[in-house]
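For reference, the structure discussed in these notes is given below.
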Amino acid sequence: MKNIHLLKSSIAIVFLFFIHISVYAQNNTAKITFLEEKYDFGTIEESNGQVTHSFKFVNTGTDSIRLTSVRASCGCTTPYWLKSALSPGDTGKIEVAFNPLNRPGKFAKTVTVRTSGEPETKLLRISGYVDPKPKTIKDEFSTEMGGIRLKSKFINFGNISTEKPVSQKVEVYNQSEDTIIVLDRFVSGDFIKVTKLPAVIPPNKSTSIEVNYLPKIKNDLGFMNDPLTLFTDEVENSNKALNIIATINEYFPPMTEKELANAPHIEFESLEYDFGHINEGEQLSHSFIFSNTGKDTLNIRKTNTTCGCTVSELEKMDYLPNEQGEIKITFDSKGRRGTQIKRITLFTNDPTAPTQDLIIKAYVRD
Numbered sequence: 006m007k008n009i010h011l012l013k014s015s016i017a018i019v020f021l022f023f024i025h026i027s028v029y030a031q032n033n034t035a036k037i038t039f040l041e042e043k044y045d046f047g048t049i050e051e052s053n054g055q056v057t058h059s060f061k062f063v064n065t066g067t068d069s070i071r072l073t074s075v076r077a078s079c080g081c082t083t084p085y086w087l088k089s090a091l092s093p094g095d096t097g098k099i100e101v102a103f104n105p106l107n108r109p110g111k112f113a114k115t116v117t118v119r120t121s122g123e124p125e126t127k128l129l130r131i132s133g134y135v136d137p138k139p140k141t142i143k144d145e146f147s148t149e150m151g152g153i154r155l156k157s158k159f160i161n162f163g164n165i166s167t168e169k170p171v172s173q174k175v176e177v178y179n180q181s182e183d184t185i186i187v188l189d190r191f192v193s194g195d196f197i198k199v200t201k202l203p204a205v206i207p208p209n210k211s212t213s214i215e216v217n218y219l220p221k222i223k224n225d226l227g228f229m230n231d232p233l234t235l236f237t238d239e240v241e242n243s244n245k246a247l248n249i250i251a252t253i254n255e256y257f258p259p260m261t262e263k264e265l266a267n268a269p270h271i272e273f274e275s276l277e278y279d280f281g282h283i284n285e286g287e288q289l290s291h292s293f294i295f296s297n298t299g300k301d302t303l304n305i306r307k308t309n310t311t312c313g314c315t316v317s318e319l320e321k322m323d324y325l326p327n328e329q330g331e332i333k334i335t336f337d338s339k340g341r342r343g344t345q346i347k348r349i350t351l352f353t354n355d356p357t358a359p360t361q362d363l364i365i366k367a368y369v370r371d
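Be aware that the sequence shown starts at 6, since it is given in the numbering used here, and climbs by one per residue.
Shown next, in the form of structure tokens:
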């Protein structure tokens with residue numbers, strides 16, 4: 006009986022010990038309380054630069070607490086904080102800086118705070134409106150060429166068609182103290198015409214010249230990047246080298262349903278092929294099979310590849326109705342590493358799909 010009584014006493018003591026430990030653990034928690042969780046900067050000026058706000062907090066728990074990480078949702082937002090632990094009752098702050106440079110208009114950013122206590126995660130928010138700084142001449146005309154400035158050295162026509170010529174105005178600013186004349190002379194392909202020359206530009210003034218693109222004379226399809234050189238009467242730096250960019254698509258006039266039904270139509274068995282994992286230096290080929298499912302002769306106008314590492318081969322350019330063909334694509338992995346994705350574009354006289362993209366993939370081992 007004595008042993009049984011002793012055993013019961015021991016169990017009771019152990020039970021009370023664990024209750025004590027449990028209560029102690031519950032009463033000793035680390036808890037963070039923020040005085041505010043969001044802040045609106047209102048309207049800020051871009052030209053005034055970075056703004057900051059401090060989010061203050063208190064350790065309202067009974068154990069020390071530490072901020073394990075603080076991450077902003079954007080590179081324009083930077084948090085600063087002390088990484089040391091805070092004792093119960095201590096206060097701290099997270100200073101959040103926002104850089105409005107090149108970010109006009111409304112903004113809303115978050116900062117994710119992780120702690121060693123409760124709550125484990127807290128989201129802080131900042132918001133406001135950035136009033137953009139007034140644009141200077143250098144902002145508006147960012148490309149400097151001797152005494153003149155342009156908005157860009159690239160004249161981008163975007164997507165154009167073979168239907169008709171297109172034109173674009175190019176504004177030229179004279180930043181010098183002397184009058185500059187853009188001469189009535191230029192060098193480019195015969196598909197480019199520059200008008201409104203000569204152009205006389207007084208100091209600190211701008212004028213426009215006109216660049217005309219003639220796609221029918223260019224007689225090509227796809228992405229184009231061609232040089233254009235203008236000339237001024239400046240003693241130095243009189244040659245102004247520009248680039249003309251355009252993507253030319255073949256123009257097909259509106260067609261009736263009957264005309265479309267009688268037109269050629271290209272149809273591929275598949276549009277993608279993955280070579281899988283290959284060794285550097287390997288040359289691999291794959292043939293894409295297609296058919297002319299239309300009622301007129303299919304003509305392959307041209308093929309384009311995205312790099313010199315990819316070569317396309319066609320047996321011929323014309324395919325009769327119901328005739329099958331293949332385009333062989335060879336990929337050279339020499340000098341390449343990792344994931345490779347290459348595009349081959351076909352241009353055809355199919356009015357419903359005048360351009361068709363084929364994709365080859367591979368992973369080149371180191």
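No residue lacks a Cβ here, since even glycine has one placed at the ideal position from N, Cα and C.
#1: Using 9 Å as the threshold, is the C-beta distance between residue 304 and residue 349 below it?
#2: Could you check what DSSP says for residue 247 in three-state terms: helix, strand or coil?
#3: Expressed to the nearest angstrom, what Euclidean distance is found between the alpha-carbon atoms of residue 282 and residue 272?
#4: Following the continuous alpha helix (DSSP H) through residue 279, name the residue where it begins and the one where it ends.
#5: Across the stretch 189–196 and the stretch 221–228, are there enough close Cβ pairs to call them in contact, namely three or more that are closer than 8 Å?
#6: Tell me whether residue 87 is buried or exposed, calling it buried when 16 or more other Cβ atoms sit within 10 Å of its Cβ.
#7: Kindly give me the distance between the Cβ atoms of residue 42 and residue 119, rounded to whole angstroms, as I take these residues to be in contact under 8 Å.
#8: Could you tell me the distance, in whole angstroms, from the CA atom of residue 209 to the CA atom of residue 315?
#9: Go through the stretch 170–201 residue by residue and report every complete run of the beta strand (DSSP E) that reaches 3 residues or more, in order.
#10: Give me the Cα-Cα distance between residue 56 and residue 358, rounded to the nearest whole angstrom.
#11: Determine the extent of the beta strand (DSSP E) in which residue 136 is found, giving its start and end residues.
#12: Report all residues from its chain with a CB closer than 7 Å to the CB of residue 176; omit the five preceding and five following residues, and keep chain order.
#13: Check for me: the alpha helix (DSSP H) holding residue 220 runs from which residue to which?
#14: What residue does the beta strand (DSSP E) around residue 144 start on, and which one ends it?
#15: Can residue 237 and residue 186 be called in contact, C-beta distance under 9 Å?
#16: What residues are listed by DSSP as bridge partners for residue 316?
#17: How do the stretch 159–179 and the stretch 73–81 stand: do at least 3 beta-carbon pairs fall below 8 Å, yes or no?
#18: Per DSSP, residue 235 forms a beta bridge with which residues?
#19: Along the chain, where does the alpha helix (DSSP H) containing residue 264 start, and where does it finish?
#20: Residue 74 by DSSP, collapsed to three states: which one?
#21: Can you find the residues in the same chain that come closer than 6 Å, C-beta to C-beta, to residue 53, ignoring five residues on each side of it along the sequence?
#22: Is it buried or exposed for residue 266, if we count other Cβ within 10 angstroms and need 16 for buried?
#23: Taking 9 Å as the cut-off, decide whether the C-beta atoms of residue 254 and residue 230 are in contact.
#24: Considering only the beta carbon of each residue, do residue 59 and residue 98 sit closer than 9 Å?
#25: Identify the continuous beta strand (DSSP E) that holds residue 84 and give its terminal residues.
#26: Evaluate residue 216 with the Cβ neighbour count: other Cβ atoms within 10 Å of its Cβ, from every protein chain shown; 16 or more gives buried, anything less gives exposed.
#27: Closer than 8 Å to a non-hydrogen atom of the ligand MN - does that hold for the CB of residue 359?
#28: With residue 293 and residue 328 assumed to form a contact (beta carbons below 8 Å), what rounded beta-carbon distance in angstroms separates them?
#29: Judging by CA-CA distance, which residue of 336, 355, 340 is the nearest neighbour of residue 323?
On the basis of the supplied data:
#1: no
#2: strand
#3: 28 Å
#4: That residue, residue 279, is in no alpha helix (DSSP H); its beta strand (DSSP E) goes 277–284.
#5: yes
#6: exposed
#7: Their Cβ separation, rounded to whole angstroms, is 15 Å, which puts residue 42 and residue 119 out of contact at 8 Å.
#8: 49 Å
#9: 171–179, 185–192, 197–200
#10: 52 Å
#11: 126–136
#12: 156, 211, 213
#13: 220–223
#14: Note, residue 144: premise wrong, no beta strand (DSSP E); alpha helix (DSSP H) at 142–145.
#15: yes
#16: 335
#17: no
#18: 191, 245
#19: 262–266
#20: strand
#21: none
#22: exposed
#23: no
#24: yes
#25: 82–86
#26: buried
#27: With respect to small molecules bound, the structure shown includes none, and the ligand MN cannot be examined in it.
#28: Actually they are not in contact, since the Cβ atoms of residue 293 and residue 328 sit about 15 Å apart, beyond 8 Å.
#29: 355
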